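Novice: The structure's right below; bear with me while I get my questions together.
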Amino acid sequence: MSWIREGELNLLERISANILKAGPIPRHVAIIMDGNRRYARKRHVERQEGHSQGFEKLAETLRWCLQLDIHEVTVYAFSIENFKRSKEEVDGLMELAKQKFARLLEEQENLEKHGVCIRVLGDLTLLPLDLQEVIAKAVVSTRTHNKCFLNVCFAYTSRHEIASAVREMAWGVEQGLIRPSDVSEALLSQCLYSSHSPNPDLLIRTSGEVRLSDFLLWQTSYSCLVFQSVLWPEYSFWNLCEAILQYQLNHRSLQKAREHHRESQAVLQLEADRSCVAELLQQHHGNGTPTDAQSRQEALRSYTASREERVHHFLGALQHKRDTFFSDLCSPAVVA
Amino acid sequence: MALVYEFVWRLLHALLQLHRTLVTWFRSHPWKWNGRLWKRAIAALIVPLALGFPNHKKCVPTTGKRVGRRLRFGADGKALERLPLHVGLLIAEEEPRYSDIANLVVWCMAVGISYVSVYDNQGVFRRNNSRLMEEILRQQQEQLGADGSKYSVEFLSNGCDKQDHQVLSCQAVVNVLSPDDGRQGIVEAAQKLCRSVEQRERTAKDIDVTVLDSLLRGELSLHTHTHTHTTFIIFVLPCW
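Chains as they are written, first to last, in the working numbering: chain W, 137 to 472; chain E, 23 to 262.
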């Protein structure tokens, strides 16, 4: 089963898609594809068959997303919590993932044609080495594609991701690249696995469960969350349209809340910089000589510039570290 | 053709907005509709069926409104198969009514929910913490009467006014949250951890989910939230 599903919408679907596209369309949609196991029970088929059908539905949904001008999709494929499932099911899911990522490598030409960039978000070190290698190859081979983006969360939980971002920042402090006072919401966001993506505008969870299950908790603070009762393998074009309609209805309040948040973040950063500058001036001048407003302003400007430079340098080092992880995984196979 | 699509889209959204406005109006003005049938119909719209409340008639005695209400709270709590430990109330209204929020908190306490977090995106409740506390205590007296003493409350409000915690007993904990407790709370915890790394009290490798979790739980007294409904926007309610 292919990752890229060719095909056209029927007339009614095309008209509906065009109507929806007259309004704001989410740039990035996140999906919790829940209900594969319940679908298998309902249809009296093997659990593994439910997961396979779920993957087929993903390929179909990606096609609909492209046709609706949604260029970035993030899916929750495997949670770290899923390792607690039966060994048989976990092994089955690992095998399915290996097959699908291997298949992805065979579809290079098609992926290039559509400009699909695949990213895998999660703690890959928790996975078997052979799966890590095939994932790394898929990620490295599509890295330069830039028309549409598929982020697969694998061996992922949001708390793990946030803790990992904090660990990376602490690594930056350890290496002397940044200072603890440089840690901010914006910096933490840039240290997450999802740092290359905008935050999702819309999050969809299927199967009627109303919870986030540790998925993109940081990134969905200003997203429209839609919970639908349909099981994932039965998801239809119309379900997707309904979710987009919900997003469009909430679009204005979302924009307003995001704007308010952006403004408060800017104020917070300015205050943090000011207090750092005040501390520095105190250290340099002692209590005796008060500094005038102009020199304080100048000190603030220079401090902000140096902080930005530190952060920029640190993010470059972090990206290099992450790139090296993937290229190291790829290299033994390249040599072979 | 694009103009036709846009016209249909605008029409569709106008109809959906109208539908939403009508539903909201019915929800917020149920008292204006006289008659038991209307009230029941509107209550059915408001109370999610998924909660599976049983028929109240059987357990509500007819002697005195307050006694009936009091017994009903307890009975409703017991009738629920599983009661959430912690309920998060995210108030999205621009001008929230303190009495409504206090009512909600008192209802949660009365059915036996141990932790209630109240959050609004503008931090209004955090700024007016004492007003909300007073309103909750007033509603508690009013709704639970003499039984109110059984439902004692502890108010927590993180941040600058920690010394103002009003601790009466530990039966129900009300936590007033603002955006500062959301992502910003995690950022502050991260700064703390980074400072301890800078001072060589720990290494970056020591930081994991458990370390961050215990730091955040210590600061926010957080437990997992439970909620219902189908479309949400979270607005930086503590995401941990």
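Built from N, CA and C at the ideal position, the CB exists for glycine as well. Model, not experiment: these values are computed from the prediction.
With a CB to CB cut of under 6 Å and the five nearest residues on each side skipped, what residues in its chain are close to E/Q161?
Specialist: Sequence index remark: in the second sequence, residue 161 of chain E carries index 139 (1-based). A124, N125 and V128, listed in sequence order.
Novice: With a CB to CB cut of under 7 Å and the five nearest residues on each side skipped, what residues in its chain are close to W/Q196?
Specialist: The residue you call residue 196 of chain W lines up with position 60 of the first sequence. It is Glu, not Gln, that sits at residue 196 of chain W in the sequence shown. Answer for W/E196: R141, listed in chain order.
Novice: Since E/D142 sits in a beta bridge, which residues does DSSP pair it with?
Specialist: Position 120 of the second sequence, counted from the start, is the residue given in the question as residue 142 of chain E. Looking at the DSSP assignment, E/D142 forms a beta bridge with E/I113.
Novice: Consider the Cβ of E/R217: report whether some Cβ of chain W lies at a distance smaller than 8 Å.
Specialist: Against the second sequence, residue 217 of chain E aligns to sequence position 195. Yes - at least one Cβ of chain W is within 8 Å of the one on E/R217.
Novice: For W/I254, which of helix, strand or coil comes out of DSSP?
Specialist: Along the first sequence, read from residue 1 onward, the residue named residue 254 of chain W stands at position 118. Reduced to three states, the DSSP call for W/I254 is strand.
Novice: Which residues, in chain order, does the region 399-414 of chain W contribute to contact with chain E at a C-beta distance below 8 Å?
Specialist: Taking 8 Å as the Cβ-Cβ cut-off against chain E, the residues of the region 399-414 of chain W that qualify are S400 and L404.
Novice: When you compare only the Cα positions, how much space is there between E/V138 and W/K223?
Specialist: Counted from its first residue, the second sequence places residue 138 of chain E at position 116. Counted from its first residue, the first sequence places residue 223 of chain W at position 87. Distance between the alpha carbons of E/V138 and W/K223 is about 38 Å.
Novice: Would a check of beta-carbon distances place W/I324 closer than 8 Å to chain E?
Specialist: Indexing the first sequence from 1 puts residue 324 of chain W at position 188. First, the residue type needs correcting, since residue 324 of chain W is Leu and not Ile in the sequence shown. For W/L324, the answer is yes, since a Cβ of chain E falls inside 8 Å of its Cβ.
Novice: Residues of chain W with a CB under 8 Å from the CB of E/V109: which are they?
Specialist: Taking the second sequence and counting its residues from 1, one reaches residue 109 of chain E at position 87. Under the 8 Å cutoff, chain W gives no residues; its nearest Cβ is about 14 Å from E/V109.
Novice: In whole angstroms, give me the CA-to-CA distance for W/K457 and E/A212.
Specialist: Locating residue 457 of chain W in the first sequence gives position 321, counting from the first residue. Locating residue 212 of chain E in the second sequence gives position 190, counting from the first residue. Spanning the two alpha carbons is a distance of roughly 21 Å.
Novice: Within 10 angstroms of its Cβ, does E/T253 collect 16 or more other Cβ (buried), or is it exposed?
Specialist: Reading the second sequence from its first residue, position 231 is the one you call residue 253 of chain E. Only weak support exists for where E/T253 lies, its pLDDT of 49 falling under 50; the value from the coordinates is given anyway. Burial call: exposed.
Novice: Which residue or residues does DSSP assign as beta-bridge partners of W/A166?
Specialist: Along the first sequence, one-based indexing puts residue 166 of chain W at 30. Looking at the DSSP assignment, W/A166 forms a beta bridge with W/T210 and W/L339.
Novice: Compare the beta carbon distance of W/S330 and W/N282 with 8 Å and say whether it is the shorter of the two.
Specialist: By one-based count along the first sequence, residue 330 of chain W stands at place 194. By one-based count along the first sequence, residue 282 of chain W stands at place 146. No, these two residues do not count as a Cβ contact at 8 Å.
Novice: Which of helix, strand or coil does DSSP assign to W/N287?
Specialist: In the first sequence, the residue the question calls residue 287 of chain W occupies position 151. DSSP places W/N287 in strand when its eight states are reduced to three.
Novice: So, with DSSP's three-state summary, where would you put E/N197?
Specialist: The residue you call residue 197 of chain E lines up with position 175 of the second sequence. It is a strand residue.
Novice: In whole angstroms, give me the CA-to-CA distance for W/Q244 and E/T46.
Specialist: Translated into the one-based positions of the first sequence, residue 244 of chain W becomes position 108. Translated into the one-based positions of the second sequence, residue 46 of chain E becomes position 24. Roughly 51 Å between the two C-alpha positions.
Novice: Helix, strand or coil: which one does DSSP assign to E/L159?
Specialist: Residue numbering aside, residue 159 of chain E sits at position 137 when the second sequence is read from its first letter. Correct three-state label for E/L159: helix.
Novice: If you drop the 5 nearest sequence neighbours on each side, which residues of the same chain put their C-beta closer than 6 Å to that of W/L247?
Specialist: Within the first sequence, the letter at position 111 stands for residue 247 of chain W. Result list for W/L247: T278, in chain order.
Novice: Starting from W/F363, trace the beta strand (DSSP E) both ways and give me its first and last residue.
Specialist: Along the first sequence, one-based indexing puts residue 363 of chain W at 227. Taken as a continuous stretch (DSSP letters only), the beta strand (DSSP E) holding W/F363 covers C360 to F363.
Novice: Tell me the DSSP secondary structure of E/A72 in three-state form.
Specialist: Within the second sequence, the letter at position 50 stands for residue 72 of chain E. Residue placement at E/A72 is poorly supported in this model, since its pLDDT is 41, which falls under 50; the coordinates are not used for a value here.
Novice: When you check each C-beta in the region 146-170 of chain E against every C-beta of chain W, which residues fall closer than 9 Å?
Specialist: none
Novice: Taking 8 Å as the CB-CB limit, is E/E116 close to chain W?
Specialist: Sequence index remark: in the second sequence, residue 116 of chain E carries index 94 (1-based). Answer no: the Cβ-Cβ gap between E/E116 and chain W never drops below 8 Å.
Novice: From W/K392 to W/P369, what distance separates their C-alpha atoms?
Specialist: Within the first sequence, the letter at position 256 stands for residue 392 of chain W. Within the first sequence, the letter at position 233 stands for residue 369 of chain W. Cα atoms of W/K392 and W/P369: separation of roughly 35 Å, rounded to the nearest angstrom.
Novice: Any idea if E/L166 is buried or exposed, counting beta-carbon neighbours within 10 angstroms, 16 or more meaning buried?
Specialist: Locating residue 166 of chain E in the second sequence gives position 144, where the first residue counts as 1. Flag for E/L166 reads buried.
Novice: Using a Cβ cut-off of 9 Å, which residues of the region 283-307 of chain W contact any Cβ in chain E, in chain order?
Specialist: When C-beta distances to chain E are compared with 9 Å, the residues of the region 283-307 of chain W below that value are T293, S294, R295, H296, I298, A299, S300, A301, V302, R303, E304, M305, A306 and W307, in chain order.
Novice: Short of 7 Å Cβ to Cβ, which residues in the region 321-355 of chain W face chain E?
Specialist: E321, L324, V346, L353 and W354
Novice: Among the residues of its own chain, which have a CB less than 7 Å from the CB of W/Q355, if the five just before and after it don't count?
Specialist: Position 219 of the first sequence, counted from the start, is the residue given in the question as residue 355 of chain W. Excluding positions up to five away in sequence, the list reads S330, N335 and P336.
Novice: Does any C-beta atom of chain E lie closer than 8 Å to the C-beta of W/P316?
Specialist: For the purposes of this step, residue 316 of chain W is taken as the residue at position 180 of the first sequence. Chain E places a beta carbon closer than 8 Å to that of W/P316, counting this residue as a contact.
Novice: Compare the Cα-Cα distances from E/R42 to each of W/R174, W/L260, W/Q382 and W/A441 and report the closest residue.
Specialist: On the second sequence, residue 42 of chain E is found 20 positions in, with the first residue counted as 1. It is W/Q382 whose Cα lies nearest to the Cα of E/R42.
Novice: Hey, could you find the ends of the alpha helix (DSSP H) W/E231 is sitting in?
Specialist: The sequence position of residue 231 of chain W within the first sequence is 95, counting from 1. Here the alpha helix (DSSP H) through W/E231 covers K223 to E242.
Novice: Would the beta-carbon of W/D170 fall within 8 Å of that of W/S343?
Specialist: The residue given as residue 170 of chain W occupies position 34 in the first sequence. The residue given as residue 343 of chain W occupies position 207 in the first sequence. It is a contact, given that the beta carbons lie within the stated cut-off.
Novice: In terms of alpha-carbon separation, which member of W/V211, W/S300, W/V366 and W/L262 lies closest to W/H164?
Specialist: Position 28 of the first sequence, counted from the start, is the residue given in the question as residue 164 of chain W. It is W/V211.
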